[in-house]
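Enquirer: Numbering-wise (my numbering), the sequence shown opens with residue 1317 and increments by one.
The structure under discussion is supplied below as C-alpha cells; questions concerning it will follow.
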Amino acid sequence: MDNMMGQTLTKNVNLMKSSVTKYAVYGVLIAIFAIIVATVTTCYLDTGRISLDGIMEAQKSNMTLWVLDAMPFIFAFWGQYVSSMIAYKAGTMVIDQTKELRQQTAALEHQVMHDATHDALTDLPNRILLKDRLEQALSNAHRHKHVTALIILDLDRFKEINDTLGHYNGDRLLKQVAVRLEGVVRESDTLCRLGGDEFAILLPIISDRKGIQTVIEKIQKALESPFILEGLTLDIQASIGASICPDHGKDVDTILQRADVAMYAAKQDKLGFAVYTTKMDKYSPKRLTLMGELRQAIVNNELVLHFQPKVSVASNKVSGVEALVRWNHPEHGLMMPDEFIPLAERTGLLRQLSRWVLKHTLDQAVSWHENGIELEVAVNISPSTLLDPELPDTITGLLASHKLPCGTLTLEITETSIVRDPELAMEVLIRLADMGIKISIDDFGTGYSSLSYLKKMPASEVKIDKSFVMDMLENESDAVIVKATIDLSHNLGMRVVAEGVENQEIVDRLKELGCDILQGYHYSKPLAVNDFSEWFLSWKAD
Ligand code: C2E
Ligand code: CA
Ligand code: CA
C-alpha cells in the first residue's frame, strides 16, 4: 500500500513539474521570438534593409540585444527552478497530509475497536472482550496446567436504588463500584462489566483454589464502606459467584454459565458468595424458562396464597392476616416470592399477579366471614402496582363484588413506592385511604426515605422491618430504631406492627415498648388455607 501511494505521489509530482516546464518552454520560445524580431528590426533600422551581415552586426554591436539574448536562458533556468520548488513543496505537503490522514485512520480504527470491546459507562472491557480473554486464558491453562477462575458479581437491590434515586445516580453508583473493583484486580486479571449491575473478574492464573476466596474477600472489603450519592449513605452488597477451570468446565460458555449459576445461588440463598457446585444447577435453566411459564401459571391458578397471622398485643387475638404468594410449580415444587416476584416485575407481569393476589385474598376473606371469622386481610403491593393509576378502581370493583367493607383490606406498601414518584404515589394513596382502605408502610427502616415522609402519608400502620426486630435484643442500635419508630408512629396516630417476631423475649420487649401488633414465626409461619384454619382454631382455644 505504501509503495502504491509512493508511486502515485511521484506521478503527481512529475505531472506538476511538466506543467511548470511547459510554461518555461513557452517563455523561452517567446524570448527567442522577441530576439529575432528585435535583431531584424535593429538590422533594418541601422542598414535600411534585412541581410545576414546586418543581423550579425546588430547582434555584435547592440548591447540591448545582449540583454534580450540572455532571456531564454533566464526563462529556462527560472522554469527549472520554480518547477523543482513547486514539486518539492507539493511533495512535502502531500506527504504530511497523507501521514496525518493515516494517523487519523489508525486512531479511528482503534476507537471503533475500543468501543466494540468496552462498556461505554465505565470504560471497562465488555462481555465480548471478556470472552476473548477467557478463551485465551483457558487455552493457556490447558497447555500449562494452570487453574483459571471466573468471578461474577451482581449488586443486591440495585434496581431499587435505580428506581429510587434515578438512572443518573444509578449510573454514578456503577462507576464508583467499577473504580473500587479496579483497585482489587491485578494487572493480569480482567475486570469487566457484563451489563446492568453485573461485573466479572477473570483470574487467568490462580496458585490454588483458596486464592479465589482471597479475591472475593477483597471485593467484599472494597464494597464495605458506604457509597455516598445525593448526600445519602448507601450500603451496597453484592452476590458473588465463581467457577473454576478445569474443575467446572473447560470452555468459555460453560465457565461463564457456571459462574452465573453460582452467583444466582448466592443471591437466592443470601450467602454473599458461592463457588459453583452441581447442586446449584437447579437455579440456572429454571430462571430462563420461568419467565415464560409465569404468565401461564397465573392463568392456570398455579399460584397459591399462604396466610400469616398478625396478633394484637392488647387482646392476644388474631387481628388479621398477611397474604403471601407462592408458586406451586409442577416441576420445582413450592417456590417462594423472592424467586419470582423480581421476575414478574421484569416481565411486566406484576400487575396481573397483584390482581390475582387481591382477588384471591378477598375470596378468602369472604369465605372466612361466612364462617364467622372476621379477619382483616393485608396484601403486599409492589411499587409498580401502586403507581398503576387503575389500581384504586380495580380495588373498588373487587371490594364491591365481594361485598366487603373497605376497612377489611390493608395494602402493605414499601417506602420505595413513594420515593420513586412521590406525587403520583401520594395521589393514589390518598384516593385509596379516602375509600377507607388501610395503608401500611412495610419494611419500615430499610428504605431511603426520611421520617418526614411518614408525616405526610395517609397511612394508618407502620411495619417495622424484621431485620431490626430479630436482632433487637442483641443489637442496641436496632433496639433504638424499634423504640423510635414505635414512639414516632404513635405520635402520628398510626399503629405499629413488628414483623419477624421469633421468640417470647422479643414479644415481651415489644410489649414493653408499646408495639400494637406482632407477626412472626413465634406465632406461626405463613400457612396454606387449611393449615391456617386449623392453627386459628387452636389459637382461639388457647
Ligand atoms: P414481606 O412483606 O416483608 O413479608 C414477610 C416475609 O417475612 C415473608 O416471607 C415471611 O414468610 C417472612 N417472615 C415472617 N415472619 C418471619 C419470622 O419470624 N422470621 C423470619 N426470618 N421471616 C419471617 P415471604 O413469604 O418469603 O415473602 C417475602 C417477600 O415477598 C415479602 O416480604 C413481600 O415483599 C414479597 N411478597 C410476598 N407475597 C407477595 C405478593 O403477593 N405481592 C407482592 N408484590 N409481593 C409479595
Ligand atoms: Ca409485607
Ligand atoms: Ca416486611
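Note that CB positions come from ideal geometry on N, CA and C, so glycine has one too.
(1) Secondary structure at R1509, three-state DSSP: helix, strand or coil?
(2) Nearest CA to the CA of G1608: which residue from K1586, H1564, L1665 and V1428?
(3) What does DSSP give as the partner residues of W1643 in its beta bridges?
(4) Can you tell me the Cβ-Cβ gap for A1538 and V1500, rounded? I've got them flagged as a contact below 8 Å.
(5) Assuming V1785 contacts I1822 under a Cβ cut-off of 8 Å, what Cβ separation, rounded to an integer in Å, is found between them?
(6) Does the distance between the C-beta of N1696 and the nearest non-hydrogen atom of ligand 1 fall short of 6 Å?
(7) Select from F1515, R1502, I1746 and Y1404 the residue whose C-alpha is nearest the C-alpha of T1438.
(8) State the start and end residues of the unbroken beta strand (DSSP E) segment that holds G1557.
(9) State yes or no: is the C-beta of E1818 within less than 7 Å of the C-beta of G1836?
(10) Just the C-alpha distance for L1545 and R1443, rounded to the nearest angstrom, thanks.
(11) Following a CB-centred definition, is D1794 positioned closer than 6 Å to any heavy atom of ligand 2?
(12) Quick one: using the 10 Å Cβ neighbour count with 16 as the cut-off for buried, is A1436 buried or exposed?
(13) For D1803, which residues does DSSP report across the bridge?
(14) Please indicate yes or no: does the CB of G1836 lie closer than 6 Å to some heavy atom of ligand 1?
(15) If you measure from the CB of I1477, is any heavy atom of ligand 1 nearer than 6 Å?
(16) Which class does A1403 belong to by DSSP, given the choice of helix, strand or coil?
(17) Go ahead and pull the three-state DSSP assignment for H1685.
(18) Taking buried to mean at least 16 other C-beta atoms within 10 Å of its own C-beta, is K1626 buried or exposed?
(19) Any chance the CB of D1781 is under 6 Å from a heavy atom of ligand 2?
(20) With DSSP as the reference, label N1378 as helix, strand or coil.
(21) Can we count P1653 as close to ligand 1, meaning its CB is less than 6 Å from some heavy atom?
(22) For a test of the three-state rule: what should DSSP assign to D1709, helix, strand or coil?
(23) Taking L1727 as part of the beta strand (DSSP E), name the residues at either end of that continuous run.
(24) Taking DSSP as the reference, what is the three-state secondary structure of S1541?
(25) Mind checking whether D1505 and I1521 have CB atoms under 7 Å apart?
(26) Let me know if M1409 comes out buried or exposed under the rule of 16 or more other beta-carbons within 10 Å of its beta-carbon.
(27) Consult DSSP for R1811 and reduce its assignment to one of helix, strand or coil.
(28) Kindly identify the DSSP beta-bridge partner or partners of G1636.
(29) Do L1714 and L1882 come within 7 Å of each other at the CB atom, strictly closer than that value?
(30) Give a yes or no on contact between the stretch 1473-1493 and the stretch 1560-1575, applying the rule of three or more CB pairs nearer than 8 Å.
(31) For a quick check, are the C-beta atoms of V1344 and A1423 less than 7 Å apart?
(32) Return yes when at least one heavy atom of ligand 1 lies under 6 Å from the C-beta of G1816, else no.
(33) Quick check on DSSP: helix, strand or coil for A1436?
(34) For A1613, tell me which candidate among Y1769, L1669 and E1533 has the shortest Cα-Cα distance.
(35) Going by other Cβ atoms of all chains shown within 10 Å of its Cβ, with 16 needed for buried, is S1840 buried or exposed?
(36) Compare the C-alpha of L1808 against each of S1776, V1796 and I1797 and name the closest.
Expert: Short version:
(1) In this structure, R1509 counts as strand in the three-state DSSP scheme.
(2) The shortest C-alpha separation from G1608 is found at L1665.
(3) In the DSSP assignment, W1643 forms a beta bridge with L1619 and M1651.
(4) So it is a contact: roughly 5 Å between Cβ atoms.
(5) Confirmed, Cβ separation roughly 6 Å.
(6) N1696 Cβ: within cutoff of ligand 1.
(7) Residue F1515 is the option with its Cα nearest to T1438.
(8) A1554 to C1561 is the extent of the beta strand (DSSP E) around G1557.
(9) Between E1818 and G1836, the CB-CB gap stays under 7 Å.
(10) Using only the alpha carbons, I get a separation of about 27 Å.
(11) Flag unset: Cβ of D1794 not near ligand 2.
(12) When all chains shown are included, A1436 counts as exposed.
(13) Paired residues: none, contrary to the question.
(14) Yes, the beta carbon of G1836 sits closer than 6 Å to at least one heavy atom of ligand 1.
(15) No, ligand 1 has no heavy atom inside 6 Å of this Cβ.
(16) Residue state, collapsed to three classes: helix.
(17) Three-state DSSP puts H1685 in a helix.
(18) Answer is buried; the Cβ neighbour count reaches 16.
(19) For ligand 2, no non-hydrogen atom lies closer than 6 Å to the CB of D1781.
(20) Per DSSP, reduced to three states, the secondary structure at N1378 is coil, with no helix or strand assignment.
(21) Result yes, Cβ under 6 Å from ligand 1.
(22) Note: D1709 maps to helix in three-state DSSP.
(23) Element bounds for L1727: L1725 to T1730.
(24) Under the three-state reduction of DSSP, S1541 is assigned to coil, being neither helix nor strand.
(25) No.
(26) With fewer than 16 neighbouring CB atoms inside 10 Å of its own CB, M1409 falls in the exposed class.
(27) The answer is strand: DSSP assigns R1811 an E or B state.
(28) According to DSSP, which records beta bridges pairwise, G1636 is partnered with K1626 and E1692.
(29) In this structure the chain extends from 1317 to 1858, so residue 1882 is not present and cannot be described.
(30) Result no; under three Cβ-Cβ pairs closer than 8 Å.
(31) With contacts defined by Cβ atoms closer than 7 Å, V1344 and A1423 do not form a contacting pair.
(32) Yes, ligand 1 has a heavy atom inside 6 Å of this Cβ.
(33) Looking at A1436 - three-state DSSP - the assignment turns out to be coil, as it is neither helix nor strand.
(34) Measuring C-alpha to C-alpha distances from A1613 to each of Y1769, L1669 and E1533 identifies L1669 as the nearest.
(35) Classification for S1840: buried.
(36) When only C-alpha atoms are compared, the closest one is S1776.
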